[in-house]
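Have a look at the structure below before the remarks.
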Amino acid sequence: MFWRGFAMLQDSFATRLVAWQEQHGRHDLPWQVSDPYRVWLSEIMLQQTQVTAVLGYYARFLQHFPDVASLAAASADEVLALWSGLGYYSRARNLHKAARMVMDEFGGRFPDLREDIQRLPGVGRSTAAAIAAFAFGRRETILDGNVKRVLTRCFGISGFPGEKAVENRLWTLAESLLPADAAQMTAYTQGLMDLGATVCGRKPACTVCPMVDGCVAARQGLTHVLPTPRPKKAVPTRHTVMLLAQHGDKVWLERRPPTGIWGGLLSLPELADSAAVESWLAAQGRGDVLPSWPELEHVFTHFRLIITPVPVRLDTLHANRVQETAGQWLPVSQALDAGLPAPVKRLLQRLSA
DNA sequence: AAGCCGGGGAC
DNA sequence: GTCCCAGGCTT
302 MFWRGFAMLQ DSFATRLVAW QEQHGRHDLP WQVSDPYRVW LSEIMLQQTQ VTAVLGYYAR
362 FLQHFPDVAS LAAASADEVL ALWSGLGYYS RARNLHKAAR MVMDEFGGRF PDLREDIQRL
422 PGVGRSTAAA IAAFAFGRRE TILDGNVKRV LTRCFGISGF PGEKAVENRL WTLAESLLPA
482 DAAQMTAYTQ GLMDLGATVC GRKPACTVCP MVDGCVAARQ GLTHVLPTPR PKKAVPTRHT
542 VMLLAQHGDK VWLERRPPTG IWGGLLSLPE LADSAAVESW LAAQGRGDVL PSWPELEHVF
602 THFRLIITPV PVRLDTLHAN RVQETAGQWL PVSQALDAGL PAPVKRLLQR LSA
């Protein structure tokens with residue numbers, strides 16, 4: 302009977318998970334601490350980003366900004382530079398903004414209620430719940446990709462979890478599964494993530510799963526069908542021309558607008574077509590178009606970008622021209638340390654090689 | 001409700 | 001090549 306299995310698992314879910322986490326879960330991750338600042342930073346970095354990708358960034362970031370006060374005092378450029386290559390750069394801008402909000406609106410003390418934490422920019426319900434649980438032992442449930450995978454399988458819930466109706470159902474279910482004892486919230490929340498990450502993944506290891514005897518997907522052979530995958534849609538291809546202007550050992554970079562793709566990052570100028578190269582060159586000074594470079598492909602979640610790099614060299618610059626534009630000449634080595642989109646960084650690395 | 005926003009790991 | 005990850009914000 303489905304309903305009997307459901308009720309049995311629902312009753313024992315938290316108990317099983319906590320026991321499993323203590324025995325088989327992860328205990329050596331650097332953000333498994335009670336400092337809300339460190340928990341918060343890790344949760345933001347881990348949004349749509351895998352643990353292995355975050356580890357290095359996390360350590361480097363903490364080295365520069367060990368607490369919320371130092372982060373609030375930093376410039377946006379410093380923060381973006383430390384985020385460069387991690388992706389989803391609005392996370393860095395929101396992180397910086399939120400640090401200042403903690404200082405100004407919460408008197409430098411991190412809020413300890415999920416509802417208050419959630420008011421910080423870049424912090425939604427799941428991230429706020431993770432911080433509340435890990436740093437303050439609150440009985441709040443997370444609902445991330447791991448939890449969605451575990452719950453849709455354990456409780457046999459079909460439909461794409463990104464769809465609102467399915468997600469609402471998962472939130473309600475997740476809340477009903479919380480342990481009664483708040484002292485277990487750290488192990489429980491970590492257990493949800495660990496189970497999803499190390500056991501209930503793409504190819505689930507059901508034989509070592511603490512939920513296997515109650516899991517609907519395991520019992521009905523549906524682990525390969527659940528969770529229901531995102532509906533497919535064709536990704537469009539876009540083309541762009543990037544100007545790779547060199548003057549001595551320097552390269553010309555421009556600040557991108559604060560919103561949109563690569564918001565706020567330094568980048569190479571984008572030109573409408575190759576005809577625009579000549580006019581740009583003529584306006585800047587005296588120089589030449591260099592032999593062309595091969596195209597560069599960069600793939601996003603929602604589109605494919607083909608970049609045509611156009612290298613040019615400026616021998617002499619027109620006086621006063623620099624002040625009229627939003628760009629700057631930077632030594633290549635210095636540019637590589639700034640916040641740059643990944644493909645732009647690859648181009649500049651090619652330049653310095 | 002649907003689209004936007006990066007980069008990389010796993011397969 | 002495909003899929004999706006410790007999601008949130010905007011429209």
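Once you know that position 177 of the first sequence is 478 in our numbering, the rest is easy, because the numbers rise by one and skip nothing. Where is the CB? At the ideal position from N, CA and C, for every residue including glycine.
Look at the Cβ atom of residue i, then the Cβ atom of residue j, and state whether they are nearer than 8 Å.
{"i": "VAL369", "j": "PHE437", "result": "no"}
{"i": "GLY564", "j": "PRO570", "result": "no"}
{"i": "THR490", "j": "ILE443", "result": "yes"}
{"i": "GLN629", "j": "LEU637", "result": "no"}
{"i": "ILE458", "j": "ARG470", "result": "yes"}
{"i": "ALA627", "j": "GLU579", "result": "no"}
{"i": "MET404", "j": "ALA373", "result": "yes"}
{"i": "GLN419", "j": "ALA429", "result": "yes"}
{"i": "VAL552", "j": "SER575", "result": "no"}
{"i": "PHE456", "j": "VAL513", "result": "no"}
{"i": "VAL590", "j": "VAL613", "result": "yes"}
{"i": "ALA382", "j": "GLY640", "result": "yes"}
{"i": "ARG531", "j": "PHE461", "result": "yes"}
{"i": "ALA399", "j": "VAL380", "result": "no"}
{"i": "GLY586", "j": "THR609", "result": "no"}
{"i": "LEU648", "j": "LEU545", "result": "yes"}
Is it buried or exposed for residue i, if we count other Cβ within 10 angstroms and need 16 for buried?
{"i": "MET302", "result": "Unreliable positioning characterises MET302 in this predicted model, as indicated by a pLDDT of 37, which lies under 50. A coordinate reading is not provided."}
{"i": "ILE607", "result": "exposed"}
{"i": "LYS504", "result": "exposed"}
{"i": "LEU567", "result": "buried"}
{"i": "THR602", "result": "exposed"}
{"i": "GLY522", "result": "exposed"}
{"i": "GLU406", "result": "exposed"}
{"i": "PHE604", "result": "exposed"}
{"i": "GLU598", "result": "exposed"}
{"i": "GLY326", "result": "buried"}
{"i": "THR560", "result": "exposed"}
{"i": "THR453", "result": "buried"}
{"i": "PRO511", "result": "buried"}
{"i": "SER634", "result": "exposed"}
{"i": "PRO367", "result": "exposed"}
{"i": "TRP304", "result": "The predicted model places TRP304 with a pLDDT of 47, which falls under 50 and marks its position as unreliable, so this point remains unresolved."}
{"i": "HIS690", "result": "This structure cannot speak to residue 690, because the chain is shown only from 302 to 654."}
{"i": "ARG361", "result": "exposed"}
{"i": "ASP495", "result": "buried"}
{"i": "PRO337", "result": "buried"}
Please name the residue or residues paired with residue i in a DSSP beta bridge.
{"i": "PRO480", "result": "In the DSSP output, where bridge partners are listed per residue, PRO480 has none listed."}
{"i": "ILE608", "result": "THR541, LEU597"}
{"i": "LYS551", "result": "HIS548, PRO632"}
{"i": "SER580", "result": "For SER580, which the question treats as bridged, DSSP gives no partner whatsoever."}
{"i": "THR617", "result": "ARG587"}
{"i": "ARG556", "result": "LEU567"}
{"i": "LEU572", "result": "VAL542"}
Is any heavy atom in the ligand FMN found nearer than 7 Å to the beta carbon of residue i?
{"i": "ALA377", "result": "The ligand FMN is not part of the structure shown, which contains no ligands of any sort."}
Tell me which residue opens and which closes the alpha helix (DSSP H) that residue i is part of.
{"i": "ASP417", "result": "415-418"}
{"i": "HIS603", "result": "No alpha helix (DSSP H) contains HIS603, which DSSP labels as neither H nor E."}
{"i": "ARG392", "result": "391-406"}
{"i": "THR524", "result": "Element bounds for THR524: n/a, residue is neither H nor E."}
{"i": "VAL509", "result": "Looking at the DSSP string, VAL509 is not in any alpha helix (DSSP H), and its letter there is neither H nor E."}
{"i": "PHE435", "result": "426-437"}
{"i": "ALA643", "result": "643-653"}
{"i": "ARG361", "result": "352-365"}
{"i": "LYS504", "result": "Here LYS504 belongs to no alpha helix (DSSP H), and DSSP marks it neither H nor E."}
{"i": "LYS534", "result": "From DSSP, LYS534 is part of no alpha helix (DSSP H); its letter is neither H nor E."}
{"i": "CYS455", "result": "446-455"}
{"i": "ALA639", "result": "Segment: none, ALA639 is in no alpha helix (DSSP H) and carries neither H nor E."}
{"i": "PRO337", "result": "337-346"}
{"i": "GLU379", "result": "377-384"}
{"i": "THR487", "result": "486-495"}
{"i": "LEU387", "result": "That residue, LEU387, is in no alpha helix (DSSP H); it is neither H nor E in DSSP."}
Starting from residue i, trace the beta strand (DSSP E) both ways and give me its first and last residue.
{"i": "THR538", "result": "538-548"}
{"i": "VAL590", "result": "586-590"}
Exercise. Three or more beta-carbon pairs under 8 Å between the region 513-527 and the region 536-554, yes or no?
Worked result: No contact exists between the region 513-527 and the region 536-554.
Exercise. Taking one C-beta from the region 382-393 and one from the region 350-361 each time, how about it: are there three or more such pairs within less than 8 Å?
Worked result: Note that the region 382-393 touches the region 350-361; at least 3 beta-carbon pairs, one per stretch, sit closer than 8 Å.
For this session: Report yes or no: do the region 468-477 and the region 408-422 share at least 3 C-beta pairs separated by less than 8 Å?
Result: At 8 Å Cβ cutoff, the stretches do not touch.
Problem set entry | the region 482-489 in contact with the region 316-326 per 3-pair CB rule at 8 Å | Under the three-pair Cβ rule at 8 Å, the region 482-489 counts as touching the region 316-326.
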